[in-house]
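Comments concern the structure below.
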Amino acid sequence: MQVQNRRMIGLLVVLLYIVLYLILAGQIGNFFVKQPPIITITFFIIAGIIWIFPLKPLFNWMRAKPEEIPQGERPPKVAMMKRKRK
Numbered sequence: 009m010q011v012q013n014r015r016m017i018g019l020l021v022v023l024l025y026i027v028l029y030l031i032l033a034g035q036i037g038n039f040f041v042k043q044p045p046i047i048t049i050t051f052f053i054i055a056g057i058i059w060i061f062p063l064k065p066l067f068n069w070m071r072a073k074p075e076e077i078p079q080g081e082r083p084p085k086v087a088m089m090k091r092k093r094k
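Laid out in structure tokens, this is it:
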């Protein structure tokens, strides 16, 4: 599949995911409204951070592989950075 198609599909999936996540987090957050403020704030801080983790595999799928980059173009510097392996 071409990079442009993967990115278009990925963008639509990200938008759909964010809308559904916001609705779900808001509905779950309604249960915490009558709780002490520290519990409500803690829930929304956690919900505001964890939404990104399920998207990492999608972002990796959307990224252009080195062999898919046309000869005349240079990939972004970020794509060329070597990752440290543990």
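The letter at position 58 of the sequence shown is residue 66 when you use the working numbering, and the numbering goes up by one with no holes.
The C-beta atom is built at its ideal place from N, Cα and C for all residues, glycine as well.
On a predicted model such as this, the values are computed, not experimentally measured, just so you know.
### Task
Given a cut-off of 8 Å, decide if VAL22 and LEU66 are closer than it, judged by their beta-carbon atoms.
Start at 1 with the first residue of the sequence shown, and residue 66 comes out as number 58. Start at 1 with the first residue of the sequence shown, and residue 22 comes out as number 14. Yes, they are a contact pair.
### Message
Could you compute how far the alpha carbon of VAL11 sits from the alpha carbon of VAL41?
### Response
Here residue 11 refers to the residue found at position 3 of the sequence shown. Here residue 41 refers to the residue found at position 33 of the sequence shown. Roughly 44 Å between the two C-alpha positions.
#### Entry: Residues near PHE51 in its chain [Cβ-Cβ closer than 7 Å; skip 5 each side]
For the purposes of this step, residue 51 is identified with residue 43 of the sequence shown, where counting begins at 1. The answer, listed in chain order, is GLY37, PHE40.
### Query
To the nearest whole angstrom, what separates the beta carbons of ARG14 and TRP69, a pair I think is in contact under 8 Å?
Indexing the sequence shown from 1 puts residue 14 at position 6. Indexing the sequence shown from 1 puts residue 69 at position 61. 6 Å between Cβ atoms; contact.
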